[in-house]
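Chains as they are written, first to last, in our numbering: chain A, -1 to 170; chain B, 3 to 796; chain C, 65 to 332. C-beta: ideal position from N, C-alpha, C; glycine also. Computed from a prediction, not measured in an experiment: that's the story for all the values here.
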């Protein structure tokens, strides 16, 4: 039996008919076609599926699509403003906060929630705030750095990093 | 801010904008028109005979396209999976067909495949398949597997021995042990680890019937190394098979060798004439991804009382698992580098590979070199404690000295370069070693347990010279390929046979090309991961080889292009080739630097009229055969405090001084070290694949398999020494596995150092709180009973 | 994995939820935060025939102080408990415990009612419930906590009965919850709770048996003037915890004693 679900994803409304058992993460990936949100585990530890539902970070693998009826969903694809990366995305880029990139969308959305609720976290608060996300590549060191940098840029304490742009001195 | 030289520059990665925006192309993100979905039915038992499989109800379930067992693939899958000779060419290789026919050999062994219109329908139908198993005794314990009378992991074999290989006989160390003034012994365990890439495996295949072409998209570290066996097994020419791997969410060695599912998805696409996709669940991954480590080592070291090493005897017992898959013998390499950074008059070594009823083991970050470093560094600390010598002093005394390189070590391998004392001294300075020892003494008097652990690691990587590797790889060697092509308007496509899965090659290799060819970084585009592009064969990314071998293949192609470009420039500038200078991307006649042409202009000219004997175009294909492996090294130093009441280990300081030769992008090097150390912390303190006596996996989810989160990984202080490798023109080595190779020894040495006052001289991994507490309790009660009074600090 | 199919209905009120549960029958389950249930469904270890979604039952979401008691609606999320000034003032140990459940994402969805109804002795709230003599209020009756947690995952809840409210005494004296686990987001291997009240100490233990434990022997020893160290020796009295891959029974008993002593010593 199918159920009607109406949601808003990244500002765009949509209506679908889905089975009750369809997980929110599969709704986002397979029905809405937004594959930036990833599945990384079966037991709600890894956080690769983290999205914001009505502004709150949730693990979309542990929610059914039908539970999102009438809600606002934000995924990684909705974070940038056109070509301008969100400061958190920019900070992950500048601080080498990703390697294979698979856990990254989940981390960025979790970091967004963290900074929305605590704009100037200490390093310890950042570690705790990201305990719901697992990474195998980075050892977390640069992820923590990236969130710290993002918080400084977003709270006006620092300007975005002047990352070296790779142009050799010789012309083209 | 612009940089004039890209090699060595910390520039951010060009692959990141799409990844941070959620536009990665991981295999499960892809779809094809008419796609159907596969689910596998797997054995719940570690060892069993298949009596019957009833697919009647499953076949009738809604949306089901097909339910397939082994016999349904006859005529499509033409032969067993096979395994390369590896480092134990005489090993037994039981035949393995992708779907088990008669007997299953580990929990998770696939027995049937359901293909349906949707994932949900496939999962529902899979539940309706009834398999009648006759359980057989399972071999779950490695030590028991060797005992006479043990159950047999494989019914058709007389015992559980897959190989028994003596690399250097025992009598080679008779002299050493005869002269020994002190002997230290230990059995050191390397528990089975799950690789846990964050992206589990995924395979999608499509068969173009009229073209006879198979396209396979998959998450792999080496598309060409999958294409070859896949083509053979399906009876297709390699030219008719295309393997495409876009973004790969981590591999760590578990995505090198082919898996049954790879063949089955491809074969199903061919048989059913529908594109088929399969995505592994995390539970399946825990159970079925080729596992890491799974060995134990019996080590004896003979030495003089003044710390001079005399000899070592080491026996490796290795858990092969239920099948001997491709890389399982690779870990024999642990014996080959078991001497570490030191000079040993003699080493005797033997490797025994045993079948068990568990998932096969295979390469996992470091693949044998972490095991080697761990054992030799543990023995050095044990010896230091025995002769009451400072562990750093003991190491210095026995190091291969800078003037002794190139140094032929005990197994005939030539260590190309090194300066071990430099890294050790730097690490000790950074950590404040003297202060730490004082603080340790202070805390000991307060009944607290602080420990300092060293790991002066070396390793061999950059696999590898064709002649040396060919016997192990069945004749293919392990060179690497590249192809670089200019277009008329001056931009460059680069193809390489390695395949980055997080290592940032799009960036680092482009840095090399831009510098070598003197072209803007933006005009360089790197491609990898598609067998239809670039040279005829590539070998992939693992074994810390991509830069030392793949990067060098790129360097070679760049040299060839510059050589040809000089000829074209000579024509354009109307001068003799010997008078052409190439500098900073410009060609000019010696003495007239103001009349120059840039590389882009020469590229355009190369497509126009040229003198006879000079062909058009500006491109090159190269295969680099490294003359030797490369040998990075360094020192890691770890400080821990152990809480004796709970057994909890707190890492208070972690310092790493590493040497990977010339550095292309320091940010990426540090990232590799962070990740490698974190995985070693995982092994040292948290992770273990736990099986019960019947071979059932008890740690199949992230709840039970304790992969660390951000809170468990401490800050790390990283520094470098730079000893360029003489083995290749760029002076580069590898660094991808170094963190994992170095760190577990540093951590366990620190714990042992902390607990020395209690009489504990060895701790096995993972050093979980409950285990450490038990060891502390036993040590304390031994102290009480032997003294008759309360011994040790409270 | 993909869960098995089930029927689904959203309830707007407690009454409606109860009726739906009755209608769907024995194998129907309540869906609140879903963080205990959905992982089991994804592994197909649980295959309920129907789910009654109570996430829109606003009447179950409240925190109210009344006559020296703190009444907490079952649908109150962990994050709300952690941030609530009412809770911080009237039962700060509850706010502390709520901040240690899982991670941020879990805390946004998980509910106190869900954790209590699930009755896992490794859960943190059940320990507080038993230690403080809380009352579990359902749509049918009021059940004292010590009678509610009958066995592991076992409560007296009937098929059409929901947890609606948990009533705690207000206690703002010195307190401490020490949760020993491997990784920060893990369930407790063992945890100890200490709460000083005007009538003496209350001590609770997590994951030392099939139900949460109130360590009355420790409480009595403290009442008789024993030091924290001596009193805490009684924490393992009568315990026979089960072993698992994280801990042996002996280790759990030892941790119970160590953590109890530390919880008492560190109570503020």
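Nearest-angstrom Cα separation, counted from residue j out to residue i
{"i": "residue 355 (chain B)", "j": "residue 468 (chain B)", "result": "26 Å"}
{"i": "residue 76 (chain C)", "j": "residue 119 (chain C)", "result": "9 Å"}
{"i": "residue 792 (chain B)", "j": "residue 250 (chain C)", "result": "Low confidence applies to residue 792 (chain B): its pLDDT is 48, below 50, so where it sits in the model is not reliable, and the reading given next is rough at best. Distance between the alpha carbons of residue 792 (chain B) and residue 250 (chain C) is about 36 Å."}
{"i": "residue 35 (chain A)", "j": "residue 657 (chain B)", "result": "35 Å"}
{"i": "residue 578 (chain B)", "j": "residue 547 (chain B)", "result": "39 Å"}
{"i": "residue 170 (chain A)", "j": "residue 489 (chain B)", "result": "Unreliable placement is indicated for residue 170 (chain A), whose pLDDT of 30 sits below 50; the coordinate value is still reported in the next sentence. Roughly 14 Å between the two C-alpha positions."}
{"i": "residue 667 (chain B)", "j": "residue 252 (chain B)", "result": "20 Å"}
{"i": "residue 477 (chain B)", "j": "residue 539 (chain B)", "result": "14 Å"}
{"i": "residue -1 (chain A)", "j": "residue 13 (chain A)", "result": "16 Å"}
{"i": "residue 375 (chain B)", "j": "residue 505 (chain B)", "result": "23 Å"}
{"i": "residue 94 (chain B)", "j": "residue 166 (chain B)", "result": "10 Å"}
{"i": "residue 447 (chain B)", "j": "residue 393 (chain B)", "result": "21 Å"}
{"i": "residue 101 (chain C)", "j": "residue 174 (chain C)", "result": "11 Å"}
{"i": "residue 139 (chain B)", "j": "residue 690 (chain B)", "result": "23 Å"}
{"i": "residue 89 (chain C)", "j": "residue 114 (chain C)", "result": "8 Å"}
{"i": "residue 11 (chain A)", "j": "residue 40 (chain A)", "result": "29 Å"}
{"i": "residue 745 (chain B)", "j": "residue 43 (chain B)", "result": "39 Å"}
CB contact check: residue i to chain B, cutoff 7 Å
{"i": "residue 116 (chain C)", "result": "no"}
{"i": "residue 109 (chain C)", "result": "no"}
{"i": "residue 162 (chain C)", "result": "no"}
{"i": "residue 311 (chain C)", "result": "yes"}
{"i": "residue 170 (chain C)", "result": "no"}
Where the beta strand (DSSP E) through residue i begins and ends
{"i": "residue 135 (chain C)", "result": "133 to 137"}
{"i": "residue 8 (chain C)", "result": "Shown here, chain C extends from 65 to 332; a query on residue 8 (chain C) therefore has no answer."}
{"i": "residue 295 (chain B)", "result": "294 to 305"}
{"i": "residue 91 (chain A)", "result": "Premise fails: residue 91 (chain A) lies in the alpha helix (DSSP H), 85 to 92, not in any beta strand (DSSP E)."}
{"i": "residue 204 (chain B)", "result": "204 to 210"}
Alpha helix (DSSP H) segment containing residue i, residue limits
{"i": "residue 48 (chain A)", "result": "Premise fails: residue 48 (chain A) lies in the beta strand (DSSP E), 48 to 51, not in any alpha helix (DSSP H)."}
{"i": "residue 142 (chain C)", "result": "142 to 147"}
{"i": "residue 298 (chain C)", "result": "Looking at the DSSP string, residue 298 (chain C) is not in any alpha helix (DSSP H), and its letter there is neither H nor E."}
{"i": "residue 490 (chain B)", "result": "Note, residue 490 (chain B): premise wrong, no alpha helix (DSSP H); not H, not E."}
Status (buried if at least 16 other CB within 10 Å, exposed otherwise) for residue i
{"i": "residue 191 (chain C)", "result": "buried"}
{"i": "residue 618 (chain B)", "result": "exposed"}
{"i": "residue 279 (chain B)", "result": "buried"}
{"i": "residue 7 (chain B)", "result": "exposed"}
{"i": "residue 71 (chain B)", "result": "buried"}
{"i": "residue 212 (chain B)", "result": "exposed"}
{"i": "residue 730 (chain B)", "result": "buried"}
{"i": "residue 187 (chain B)", "result": "exposed"}
{"i": "residue 305 (chain C)", "result": "buried"}
{"i": "residue 149 (chain C)", "result": "exposed"}
{"i": "residue 166 (chain A)", "result": "Here the model assigns residue 166 (chain A) a pLDDT of 36, short of 50, so the residue's position is not dependable, and the following value carries that caveat. Burial call: buried."}
{"i": "residue 221 (chain B)", "result": "buried"}
{"i": "residue 262 (chain C)", "result": "exposed"}
Cutoff 7 Å: residue i Cβ touching any chain A Cβ
{"i": "residue 620 (chain B)", "result": "no"}
{"i": "residue 274 (chain B)", "result": "no"}
{"i": "residue 713 (chain B)", "result": "yes"}
{"i": "residue 31 (chain B)", "result": "yes"}
{"i": "residue 84 (chain B)", "result": "no"}
{"i": "residue 200 (chain B)", "result": "yes"}
Residue-chain proximity (residue i, chain C), Cβ-Cβ < 7 Å
{"i": "residue 60 (chain A)", "result": "yes"}
{"i": "residue 63 (chain B)", "result": "no"}
{"i": "residue 692 (chain B)", "result": "yes"}
(request) Flag this pair as touching only if the region 5 to 14 of chain A and the region 63 to 80 of chain A have three or more C-beta atom pairs under 8 Å; answer yes or no. (result) Flag = yes, the region 5 to 14 of chain A and the region 63 to 80 of chain A touch.
(message) Contact between the region 122 to 133 of chain A and the region 98 to 112 of chain A is defined here as three or more beta-carbon pairs at a separation below 8 Å; is this criterion met?
(response) In this structure the region 122 to 133 of chain A touches the region 98 to 112 of chain A; the number of beta carbon pairs closer than 8 Å is three or more.
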